[in-house]
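For reference, the structure discussed in these notes is given below.
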C-alpha cells in the first residue's frame with residue numbers, strides 16, 4: 079500500500095488524564111519516586127508516547143509492566159490502586175492516523191506475553207472509526223487482518239469473520 083501524508087488523526091483528549099492518574103498515585107505511593115523518576119517517566123513521558131500512533135507496538139504493554147513492577151516495589155502503600163491504574167492504562171486505545179483517502183487503520187496488537195500476570199489477557203482497545211480490516215501506523219507496515227499483530231497474543235485470526243478466537 080502506498081503511504082501518503084497524514085491528513086486526519088483520531089486523537090484522544092484524555093491522554094493527559096490517563097497519565098496524570100497514574101502519576102498522582104505514584105507520587106503518594108510511599109515508594110522510591112526519585113530513582114529514575116518513575117512517576118514522571120512512566121506516566122508523562124514514556125506513558126504518553128506509548129499511546130501515540132508513533133509508539134512501538136509493545137511500548138504500551140512495556141510501560142504497564144514497569145508501572146506494575148513499581149507497584150510491587152518496597153515501601154508502596156497503594157499497590158492495588160497503582161496496579162488498577164496500570165491495567166486501565168494498558169487497556170486504553172492508542173491514537174490512529176489516516177493513511178490517505180480517509181482510511182484509518184486499527185493499531186496493531188502486541189503479541190508478546192506481559193511480564194506481570196495482572197496484564198495477561200489485557201490489550202489496548204481500538205478507537206471508534208478505525209478500519210477493522212487494516213492494521214498499522216506511521217512506524218508500522220499496513221497489513222490486512224489475519225497478519226501478525228492483528229489479534230492479541232494467544233488469539234488466532236479468523237479471516238472469514240474478521241474476528242480473533
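Numbering (this note's numbering), first residue to last: 79 to 243.
For each residue, glycine too, the CB sits at the ideal point set by N, CA and C.
In the structure shown, residue 187 falls within a coil segment according to DSSP collapsed to helix, strand and coil.
Judged by DSSP secondary structure, residue 205 falls outside any beta strand (DSSP E); it is assigned neither H nor E. Secondary structure note for residue 195: it is in no alpha helix (DSSP H), with a DSSP letter that is neither H nor E.
The region 102-153 contains, as complete alpha helix (DSSP H) runs of 4+ residues, the segments 124-129, 137-149 (chain order). Sequence-distant Cβ neighbours of residue 166 in its own chain, meaning closer than 8 Å and more than five residues away, are 96, 99.
Between the C-alpha atoms of residue 127 and residue 176 there is a straight-line separation of about 18 Å. Around the Cβ of residue 188, a 10 Å sphere holds 16 or more other Cβ atoms; the residue is buried. A contact between stretches requires three or more CB pairs, one per stretch, nearer than 8 Å, and the region 151-161 fails this requirement with the region 124-141.
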